[in-house]
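Worksheet for the structure shown next.
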Amino acid sequence: MRYVVTGAAGFIGSQLAETLVDSGHAVVAVDCLTDYYSVEEKEANAAGLELQRQDLSETDLPLDGVDGVFHLAGQPGVRSFGDVFPLYVRHNVLASQRVFAAAAAAGVRVVFASTSTVYGDAASYPTRENAVPFPVSPYGITKLAAEHLAHAYARSFGLDAVVLRYFSVYGPRQRPDMFFRRVVDALAAGTAFEVYGDGLQSRSFTYVADVVAATIAAMQDAPAGALYNVGGGEEATVRDAIDLLQELADRALDVRYGPRAEGDVVRTCADTSRIEAELGWKPRTTLREGLASEWDWASSAQPAVR
Numbered sequence: 038m039r040y041v042v043t044g045a046a047g048f049i050g051s052q053l054a055e056t057l058v059d060s061g062h063a064v065v066a067v068d069c070l071t072d073y074y075s076v077e078e079k080e081a082n083a084a085g086l087e088l089q090r091q092d093l094s095e096t097d098l099p100l101d102g103v104d105g106v107f108h109l110a111g112q113p114g115v116r117s118f119g120d121v122f123p124l125y126v127r128h129n130v131l132a133s134q135r136v137f138a139a140a141a142a143a144g145v146r147v148v149f150a151s152t153s154t155v156y157g158d159a160a161s162y163p164t165r166e167n168a169v170p171f172p173v174s175p176y177g178i179t180k181l182a183a184e185h186l187a188h189a190y191a192r193s194f195g196l197d198a199v200v201l202r203y204f205s206v207y208g209p210r211q212r213p214d215m216f217f218r219r220v221v222d223a224l225a226a227g228t229a230f231e232v233y234g235d236g237l238q239s240r241s242f243t244y245v246a247d248v249v250a251a252t253i254a255a256m257q258d259a260p261a262g263a264l265y266n267v268g269g270g271e272e273a274t275v276r277d278a279i280d281l282l283q284e285l286a287d288r289a290l291d292v293r294y295g296p297r298a299e300g301d302v303v304r305t306c307a308d309t310s311r312i313e314a315e316l317g318w319k320p321r322t323t324l325r326e327g328l329a330s331e332w333d334w335a336s337s338a339q340p341a342v343r
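Going by our numbering, the sequence shown opens with residue 38, and the numbers climb by one from there.
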């Protein structure tokens, strides 16, 4: 099969593309290579892929001879509004609209990577897919808008779309702004680490390889129009996760506590019964195993790509 992977130089997209190639598929790897974080690091992520640099908000996605699209490209990060909101609209809404339009015209499936942040502070836990979304950050708001675009294109133009809501993905190649990456970098460098808030926030942390497996299963086996939570089987607080990383690294971290970040939520906890029942997917990596893998990666990474 021949697939397009957008966001192919990113944390998750690069590992998805590699897994597809290793499984014998042809991959068209597309990335905008924005400077949200180091372009050099993104290029290192995509080493071994034939990467096409393309801004999907401005140019059409070439889909001749393509069997499906994994749409992972987007503006990441939970930030306050300020002057960054237009970036989220551009890369998460306008770009997604063009991808959905192209896929509908070509008659190919799109698996769209959405996020648990669309739920905001959910009304109940574990949170099911039918919970009313209430996003509180530009990232969550624009990702939910893109979900609605996918549904609109399905209804009006026959788009075959599957939406996945990823929960707090971690593992090797995490972006520098992400929680575990910041912790392992501080441990490796011996510097202080600031927690946003009291550290009692909890998350359904999900290992990247498990996310990749769910994403491929969605392309191959999900019914059209499906929506799934993709979440790890263990919920942990920020404090507990930091303690576990200190144990794995055999190092002490100077932890300091600051104000809670705007756009952050107190808790996420995924109900994954739907994807388990329909696709047979379950998270297979424990938090201890996944964090050990991330620490090994971070502690051995070359400075040139850190």
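Where a beta carbon is used, it is the ideal one built from N, C-alpha and C, also for glycine. These numbers were taken from a predicted model, which means no experiment stands behind them.
Spatial distance of Ser337 from His185 (CA atoms): 41 Å
Separation of Asp59 from Asp101, as counted between CA atoms: 22 Å
Residue range of the beta strand (DSSP E) that includes Arg293: 292 to 295
Asp350 classed as buried or exposed, judged by whether at least 16 other C-beta atoms fall within 10 angstroms: Because the chain is modelled from 38 through 343, residue 350 falls outside the range shown and cannot be assessed.
Host beta strand (DSSP E) of Gly50 (start-end): Element bounds for Gly50: not the beta strand (DSSP E) but the alpha helix (DSSP H), 48 to 59.
Cβ pair Val249, Thr43 closer than 8 Å: no
Test item: CB-CB of Tyr265 and Glu166 under 8 Å: yes
Which of helix, strand or coil DSSP assigns to Arg127: helix
Where the alpha helix (DSSP H) through Ala226 begins and ends: 216 to 226
Rounded C-alpha distance that separates Leu290 from Glu299: 24 Å
Within 8 Å, strictly: CB atoms of Ala24 and Val106: Because the chain here runs from 38 to 343, residue 24 falls outside it and cannot be looked at.
Which of helix, strand or coil DSSP assigns to Asp277: helix
Any beta strand (DSSP E) of 3 or more consecutive residues that is wholly inside the region 118 to 193: 146 to 152
Identified DSSP bridge partners for Ser241: Glu272
For Met215 and Thr323, the rounded distance between their alpha carbons: 19 Å
Residues bridged to Thr43 [DSSP beta-bridge criterion]: Val67, His108
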